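Inspection log for the structure reproduced underneath, given as structure tokens.
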Amino acid sequence: MCPLPKAFEYFAPENINEALDLLNRFKDKAKILAGGQSLIPLMKYRLLSPEYVIDLRKLKDLIFIKEKDQNRISIGALTTYIMIEFSPLIEQKCPLLKEVTNSLSDLQVKNRGTIGGSICHADPAAHYPPAMLALNAQFKLMSKENGERIVNAEDFFIDAYTTLIKPDEILTEIEIDAFQNDFGWGFEYLNYGGAGYPIVIAITILKMRNDVCEDVRIALGGVSLTPIRAKIIESSLKGEKLNSEIIDKIIFEKMEEMRINPPSDIHASSEYRKEMAKVLTRRAIKKALKRLKGDGV
Amino acid sequence: MSNKIEDWRKRERDYPIVTGKALYTNDINLPNMLYCTILGSNYAHARIKSINVNKALEIPGVINIITGAELMDKINPLPTNSDYSKLGWHWRIPKVYPLAIDKVRFVGEPIAAIVATNSYIAEDALEMIDVEYEPLPVVVNPEKAMEKDAPLLYEEWGDNIQAYIKFIHGDIEKSFSKADKVLRVQLKEQRYSGFPIEPRCCVADYDERRNELRVWLPNQTPYQSRRYIASVLNMPESHVKVIVPNVGGGFGNRIVPYKEVIPCILSLILKKPIKWFESRRENFLSQTHQRDLKWDVEAAFKNDGRILSIRGRFIMDYGVEGTNRDAGSPAIVPAVRSIPSAYKLEAIQIDAYGVVTNKAPYGAYRGYGKDKGNRLIERVLNIAAREFNLSPEEIRFKNFIQPNEFPYRQITGYLYDSGNYPKVLKRALQLLNIEYWREQQRLLRERNRYIGIGLAFMVEPAGASIPYSIFTGIESAKVSLFTDGSIHVYSNTIDIGQHSKVAIVSVVAENLGVKPEDIKVIMGDSDIVGLGPWSSRGVIYGISAVVKATKALKLKILKVAAKILNENFENLYIKDGVIYSKSNSEKQISIRDLANRVYFFPGPQMTLTQDMLEKGETTLEAIASWFSPTTIKELSSVYTTFCCGADAAVIEVDLETGKVKVLKYVAVHDVGKIIDLASVEAQVQGGIAQGIGGVLFEELIYNEDGQLLTTTFTDYLMPTAIDIPEIEIDHIETPSPVTETGAKGMGEGPIIIPPEVIISAVEDALAPFKVRISETPLKPERIWRLLKCVT
């Protein structure tokens, strides 16, 4: 077998309306090409053989990173990983996203891959989906018939490689939280090496007042077919005076209560993933605490 | 000199590669070329009931589809690459065709081949071929394959044992009776291999008018590959020419073109040029695999830590076979015979089994078999060191062959040429600063951090001449002077990543006295008699032949110059392509001028000596061949030079996740005289990276149904630069007395040491928990489970 796709018809629309027109015409017979770092390999292996490919490369309007207001940042769906990694705004207002981006893949992929592409591909082991949950992301989806709708990241991912995006919709914009200085954050992931995907990802965002946890968000990747928020742990942490022992205790107890049942595969068993979710969540929270205290990490 | 070589390397070798200007097989496009794709089996073990190609043939652009059954009468089975039954050993050679005839034995085994006007159409047609299988029971575990009622891959054999050899060296019973302590050691190494950046590719062009087949392939053995292809096609060898363009990496898996004969057959049938290239998935499925072995031995020791002997059992999982589609089966021999390595043992006795299972064929991968024996003895010594309360270095110093004992006849038959093992190990300890790290280890443990220090040693038997195989050790070189003053060197020591051209240019420039830029190396052509690079034989056979030929040419040139300049022969020397008299600076002639005078104006009669004219020696060229002097007298003394090395490393284990991080890595090698330091160091770096990848995470995983689950680089984890620490390298030079340059083969050595270095370092880090490692790779979950068992 040669690494070559089935024949398909290719379009590179000039603007978003043209793209929506095309998508409306072909619906699920078409695939959106937004960087192609997953789509092209899938097509080459013929795991996916769309009849039509709509390449968004000319939609320069969808490449941007801007401050929406004090609390929110808006990112165009076609913004590449490398642009996010080296954006001064992201560095200042959302350093978590910078670190997440820094840790994923290689330079070649970062030059091509887009945040919108990654989110819509919804790989259960990918970095961005749990980050979106932690950052309270909202996705702007557009279609020809229904115009625009906004979906919360938490509702967006419904299964492995499956989102609630409709066949005639295009993700155009991602909105995430901007950080205030009183937030700490931690990003932990375990991978084995090589070009392997992470086994487990844990991301936390933490706000404290007088040593008491005022607000916390915990998002996990790799422990389920979709990224998840560890809300049981979050609510147990809130109002607690945090120290190492309490963090350990709450996570070990509450992670069990969450009844997560991670998938087993050749890289890791369900049991190991579950244990690693505990280890990494604990570490992520402690890192967030350290950052808040200005200890450096 | 070295700066000039550096310039040459950058300009001639590296620049074309990094700028994309190098020519690879897939860059070759011929007029009227057609494209081939190969359908592989979906089943690991099944009878083929029928193959229906009708629908596929209807697709516009499909030219032809062939299956094994219809080819059977037109071609010969794949020839064998080794036949050790001639040595009286249990050695079975299956009858294998390039396309399966009635039965498939591994997932990916070629079933049919399609030719179309382009690769896309060929790929479309592939999906339309309808194969009806009758699934058979599958066996993927060699120990299960050895059981009485196991499914048989080759019914005619009656069992699944392709090779069985009982190795007896020394008196094992007597030696064990002297033992104070006997240790049992088990070691299981997973299946993995080298996966080059360039998958397999072939362009075959049959010219009907001349009845000649030209084949371009990324290959390390064009001379043997020509013979192989001609044999399958039933053509005279002289009508087949194999040409090797740039090769995108080769680690042993570029030796036998078993799948590449398919486009050759198609070109012959259709009388058109045919191109075949594969996907990474196809490469994983059907490129030959390696390692996959299990040792179960007892080692006899004296109480002072001296090792006496080793006995036990060794099983190698050959997959479907290792004699015809590649040349992996013979690795069973050096696997056992390299066990004694750098140490003085009294005896070894091993029952070695090469077992067939429903997995991809067994081939060569850097280390071949020498990695296996070396790894066993190093494992044994590291375990014993702890047992006897010795440091890993102490137990080695106690058991080393001493510098004054060379040449040393090892009990397994190898004749070690030279070496200074204690010196190499001492240097490695120094380079690591081992005492500092042991102190750090103590301090960090108090803070709940677990670092470990590991070390291992190796001796690499290199430069084989193996009877009854395609690895006999013949080699030639030709060096010619042309009238433009250029020197052409013909040698099949192909550059598959090891910078062999640089080494050739270095020795020719030095020995002849010419500039590197005036040297042209011609390699990678089946018309050159020479077996190519494997067994780290380049600097042993290839370079020795080149040096011999260069010296002979120099002699010729100086004889002619002596006559032209009317000067004493001994009084002449060559520098930068000009011949000078040592005493009279007026007397000089360039080799270019000399060549012109001899060949054309005025010609031989006026320039050559009477003796040369009478003998008809009118050309300024020399041909030489070279053979290993150490392998002549005793057949078991198969190898020529024995370089050695000691590596040491510091790692840290994350107790909660089981992840290993390599903090520091040092390597000291004694490769004899170094011809080109940069090439040697690049090979050391690359080998260590592969060794670390192999011990930490590279793994070809089959499920019970014989399906390969690792067919992408996100599943088969190949180390990247991030995973490999900075490696500090140092060298000690103990020249080999047997090669022309004093250099020793060293390409395989660097991959041999790291696995045991890392394993012993992990055990050292986890010493408080008494963790014993007997299986690799050391993926975090494995270590986490080991820790879970003991804590």
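Protein chains in written order, with the working numbering: chain X, 211 to 507; chain Z, 20 to 810. Quick reminder that beta carbons are idealized off the backbone N, C-alpha and C, glycines included. A quick note: this is a predicted structure, and the numbers were derived from the prediction, not measured.
Nearest Cα to Met468/X within the set Glu485/X, Arg322/X, Asn281/X: Glu485/X. Leu400, Tyr402, Gly403, Gly404, Ala405: these are the residues of the region 376-405 of chain X whose beta carbon lies less than 7 Å from some beta carbon of chain Z, given in chain order. The Cβ-Cβ distance between Ile485/Z and Val498/Z does not fall below 8 Å.
Secondary structure note for Tyr509/Z: its beta strand (DSSP E) is the uninterrupted segment 506-509. Within 7 Å of the CB of Phe716/Z, the CB atoms of chain X belong to Tyr402, Gly403, Gly404, in sequence order along the chain. The C-beta of Lys308/X comes no closer than 8 Å to any C-beta of chain Z. Distance from the CA of Phe462/X to the CA of Val489/X, rounded to the nearest whole angstrom, comes to 9 Å.
Distance between Ser495/Z and Ile547/Z, taken at the CA atoms: about 8 Å. Sequence-distant partners of Val617/Z (beyond 5 residues in either direction) whose C-beta falls short of 8 Å from its own C-beta, in its chain, are Val579, Pro623, Thr626, Leu627, Thr637, Leu639. If you draw a straight line from the Cα of Lys763/Z to the Cα of Asp689/Z, it comes to about 9 Å. Only Tyr482, Met486, Val489 from the region 481-503 of chain X bring a Cβ to less than 7 Å from some Cβ of chain Z. In this structure, the beta-carbon distance from Val566/Z to Glu759/Z falls below 8 Å. Rounded to the nearest angstrom, the gap between the Cα atoms of Glu153/Z and Arg66/Z is 5 Å. With contacts defined by Cβ atoms closer than 8 Å, Ile770/Z and Ala668/Z do not form a contacting pair. Taking a beta-carbon distance threshold of 8 Å, Asp190/Z does not count as an interface residue toward chain X. When Cβ-Cβ separations below 8 Å define contact, Pro339/X makes no contact with chain Z. Relative to Lys378/Z, the option among Lys68/Z, Asp315/Z, Leu727/Z, Ile523/Z whose CA is nearest is Leu727/Z. A direct Cα-Cα distance of roughly 15 Å separates Arg28/Z from Ile515/Z. Contact check for Ala641/Z against Lys575/Z passes: the beta carbons are separated by less than 8 Å. Any Cβ of chain X closer than 8 Å to the Cβ of Trp803/Z would place that residue at the interface, and such an atom is present. Around Tyr407/X, the beta-carbon contacts reaching into chain Z at under 8 Å are Thr733. Counting the other CB atoms within 10 Å of its CB gives Asp121/Z a total below 16, which places it among the exposed residues. Runs of the alpha helix (DSSP H) lying entirely within the region 723-789 of chain Z and spanning at least 4 residues, in chain order: 768-771, 773-784.
A contact is defined here as three or more CB-CB pairs under 8 Å, and the region 256-270 of chain Z meets this definition with respect to the region 32-42 of chain Z. Counting only runs of 3 or more residues that sit fully inside the region 65-115 of chain Z, the beta strand (DSSP E) segments are 65-71, 81-86, in chain order.
The beta carbons of Leu266/X and Leu288/X sit closer together than 8 Å.
Neighbours of Phe270/Z in chain X, taken as residues whose beta carbon is under 7 Å from its own, are absent, since the nearest beta carbon is some 16 Å off.
Less than 8 Å divides the Cβ of Pro276/Z from the Cβ of Ser244/Z. In this structure, the beta-carbon distance from Ala383/Z to Ala350/Z falls below 8 Å.
If the five residues before and after Pro799/Z are omitted, its C-beta is found closer than 8 Å to the C-beta atoms of Asp673, Thr676, Gly677, Lys678, Val679, all from its own chain and listed in chain order. One thing to note: Gly347/Z has its Cβ no nearer than 8 Å to the Cβ of Asp783/Z. Distance between Ile70/Z and Trp645/Z, taken at the CA atoms: about 51 Å. Residues of chain Z whose Cβ lies closer than 7 Å to the Cβ of Lys216/X are, in chain order, Asp143. At a beta-carbon threshold of 8 Å, none of the residues of chain Z lie near Met253/X; the nearest stands roughly 12 Å away. Taking each of Gly245/X, Lys276/X, Lys308/X, Lys270/X in turn and checking the Cα distance to Cys330/X, the smallest one comes out for Gly245/X. In the three-state DSSP reduction, Val690/Z falls in the coil class, being neither helix nor strand.
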